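This report refers to the structure that appears directly beneath it.
Below, the structure written as structure tokens:
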């Protein structure tokens, strides 16, 4: 199969607020607005952003857990919106999801073995022997001992539960796993174990990940490419190293600068970006970031900036840093740009 | 007033052998296994550790806010201005809480009263502790909201908590906590529920206000990045005990306890390269329901030798104002 594994085109999701009875216009929450990206096999695409930026809605749209207002999701070139029963069923084998909270996403009455083999049993009947062999195999893949298959979720630690969630996702040999804040609820030492597991699985099985997270350290560690979202839109999409070394969009820059680093000798020069994320019900006109942006000009208040391709392969939506006409402007002082600082000059 | 010889003039809070247990139906969880530390006047002391290490229990034990039916501080003392907080009556304790020692929590929504305006709640705290009249207290509330940099404080004093964003609610909580100019502010994961750009604003605010008011801050967090950015001295906790204590520069430069070292190495760090396997701490935290023989970290520790499994190491000096509870701290620091 040529072309990307997953292709997302102009994906949009609006949630209506209430019904329109006796009202001419229904206010909507613009959760996701015109989002496009693609994911290649064995690639990790990270989506970062703060609460309300739409990253979890994107995950649900990809899994077809909610229906889009507009746009398409193509897997191996097939539009998943058009899929009916059997085809949809078959397609679900290719994409699986791992959730944030390993406590609420596992059925407390099933044993570990039952939990991780359940997806397969949706497709084929398994004998007891087959089921046990599959469970043992999956548990070993996620670094757990096969004896654990008889345990209930309540008898497992948080890290072990998250391993179960991953084993369950692996059971159908998916090509793509959507991980929505999959390590956010874990302590750092356990988080390291799970991140290592994800890296190993990708290397051994060639799985692609859409990894949704608010934690920039984690994203930088495991991502190949990163999409930064703000208020429903992608504002920058770039190769991981380039994004962190040299953020172009002022929001990306602010986000990186705001993340605390475990280094007490770092001196913070820049003041943190001001203000808060506005409401997606009534987003600011033009560029949604303009009320908080130190670089905003008149045009930012009026026009939504388009995503403009830059020389190094990234795309950026910013009138100032990536003007649509003329040559893209590279941020100044790229020379002495320390990795730890994303100063807004 | 009792004067004690060892505590210097600059010590604000002196915790000694604090032991807190949780009582289940048929088990006792030793949440705090006898911890001792001091908070100095005007300093920011970080307490770090992972879930269940006892960092929040420490805060709740100090303020005597533990759930009454299931938890009890069974030993130790907490010296504050010459008296032992554990021996005060509930009435005396109430005078200290919110006045001399204030606390802010992770989720401001659950600690603010939803049926009163934010201004009224701050004013109430002021009235209780200063006997000010309502109009004076309301003025103080507005001044406090301005201090924590809430835009438009004249209008915001009459907001209810649900009319504010998460970041603004946390600012309001801080305003309330600082309204009576406490000598000690205990902040339990105050930015954990916030987005990073808002977290950066709140951290900056806490550091700025600490410098302006001279309030000592006890900063409880699981996030080493937050510790590095805000604290002067750090206590690392594991399984209900203090395993290391140092000033922040030394702690990050030369961690002396294998747990601290493991914790630091397991955080993704751009300086050590991307896409690489992270050093893991194998195994899991021990159950505090069973008595632990030897060092509680020994089963997970790459440095463990026989003595570690037999005898619990005490916190001992390994450098100037740097202490670790590890038999092999010197080797750990060299590794």
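Protein chains in written order, with the UniProt record's numbering: chain S, 1 to 345; chain A, 1 to 335.
For every residue, glycine included, the Cβ atom is placed at its ideal position computed from N, Cα and C.
Since the model is a prediction, treat every value here as computed from it, not as a measurement.
Using beta-carbon positions only, say whether residue i and residue j come within less than 8 Å of one another.
i                     : j                     : result
residue 229 (chain S) : residue 176 (chain S) : no
residue 28 (chain S)  : residue 61 (chain S)  : no
residue 249 (chain A) : residue 262 (chain S) : no
residue 11 (chain S)  : residue 35 (chain S)  : yes
residue 324 (chain S) : residue 248 (chain S) : no
residue 234 (chain A) : residue 48 (chain A)  : yes
residue 210 (chain S) : residue 65 (chain S)  : no
residue 186 (chain S) : residue 143 (chain S) : no
residue 168 (chain S) : residue 108 (chain S) : no
residue 106 (chain S) : residue 153 (chain S) : yes
residue 303 (chain S) : residue 319 (chain S) : yes
residue 219 (chain S) : residue 183 (chain S) : no
residue 225 (chain S) : residue 317 (chain S) : no
residue 41 (chain S)  : residue 88 (chain S)  : no
Taking just the CA atoms, how far does residue j sit from residue i?
i                     : j                     : result
residue 59 (chain A)  : residue 216 (chain A) : 14 Å
residue 25 (chain S)  : residue 50 (chain A)  : 49 Å
residue 331 (chain A) : residue 258 (chain A) : 10 Å
residue 311 (chain S) : residue 135 (chain S) : 48 Å
residue 240 (chain S) : residue 222 (chain S) : 9 Å
residue 264 (chain A) : residue 252 (chain A) : 8 Å
residue 175 (chain A) : residue 208 (chain A) : 13 Å
residue 79 (chain A)  : residue 39 (chain A)  : 10 Å
residue 157 (chain S) : residue 152 (chain A) : 46 Å
residue 266 (chain S) : residue 15 (chain S)  : 43 Å
residue 130 (chain S) : residue 124 (chain S) : 11 Å
residue 271 (chain S) : residue 183 (chain A) : 27 Å
residue 72 (chain A)  : residue 35 (chain A)  : 15 Å
residue 257 (chain S) : residue 116 (chain S) : 40 Å
residue 57 (chain A)  : residue 65 (chain A)  : 9 Å
residue 157 (chain A) : residue 51 (chain S)  : 26 Å
When you compare the CB of residue i with every CB in chain S, is at least one pair closer than 8 Å?
i                     : result
residue 220 (chain A) : no
residue 333 (chain A) : no
residue 57 (chain A)  : no
residue 252 (chain A) : yes
residue 240 (chain A) : no
residue 192 (chain A) : no
residue 229 (chain A) : yes
residue 264 (chain A) : yes
residue 200 (chain A) : yes
residue 280 (chain A) : yes
residue 24 (chain A)  : no
Exposed or buried, residue i, counting other C-beta atoms within 10 Å across all chains shown (16 or more means buried)?
i                     : result
residue 302 (chain A) : exposed
residue 335 (chain A) : exposed
residue 278 (chain A) : buried
residue 262 (chain A) : buried
residue 305 (chain A) : exposed
residue 310 (chain A) : exposed
residue 90 (chain S)  : exposed
residue 86 (chain S)  : exposed
residue 144 (chain A) : buried
residue 287 (chain A) : exposed
residue 330 (chain S) : A caution first: residue 330 (chain S) carries a pLDDT of 49, below 50, which makes its placement in the model unreliable, though a value can still be read off. Its Cβ having fewer than 16 others within 10 Å, residue 330 (chain S) is exposed.
residue 114 (chain A) : exposed
residue 131 (chain A) : exposed
residue 55 (chain S)  : buried
residue 90 (chain A)  : exposed
residue 211 (chain A) : exposed
Please decide whether residue i counts as near chain C, where near means a Cβ-Cβ distance under 8 Å.
i                     : result
residue 244 (chain S) : The structure shown contains no chain C; the protein chains it does contain are S and A.
With 8 Å as the threshold, decide whether the Cβ of residue i is near any Cβ in chain A.
i                     : result
residue 192 (chain S) : yes
residue 187 (chain S) : yes
residue 318 (chain S) : no
residue 341 (chain S) : Residue placement at residue 341 (chain S) cannot be trusted, given a pLDDT of 38 that sits under 50; the coordinates are not used to answer.
residue 295 (chain S) : no
residue 265 (chain S) : yes
residue 51 (chain S)  : yes
residue 46 (chain S)  : no
The region 79-98 of chain A / the region 212-228 of chain A touching (three or more Cβ pairs under 8 Å):
no
So, do the region 226-241 of chain A and the region 290-297 of chain A have three or more beta carbon pairs nearer to each other than 8 Å?
Output reads yes: the region 290-297 of chain A touches the region 226-241 of chain A.
I want to know whether the region 137-147 of chain A touches the region 187-200 of chain A - three or more CB-CB distances under 8 Å.
The region 137-147 of chain A, when compared against the region 187-200 of chain A, does not touch it at the 8 Å Cβ threshold.
Decide if the region 220-235 of chain A is in contact with the region 16-32 of chain A; the criterion is three or more beta carbon pairs, one per stretch, under 8 Å apart.
Flag = no, the region 220-235 of chain A and the region 16-32 of chain A do not touch.
Under 8 Å, with one C-beta from each stretch per pair, do the region 135-150 of chain S and the region 75-86 of chain S reach the 3-pair mark?
no
Three or more C-beta pairs below 8 Å linking the region 190-198 of chain S and the region 268-286 of chain A
yes
Is the region 242-261 of chain S touching the region 52-66 of chain S in the sense that three or more CB pairs, one from each, lie closer than 8 Å?
no
Would the region 146-160 of chain A count as touching the region 96-110 of chain A if we require 3 or more Cβ pairs under 8 Å?
no
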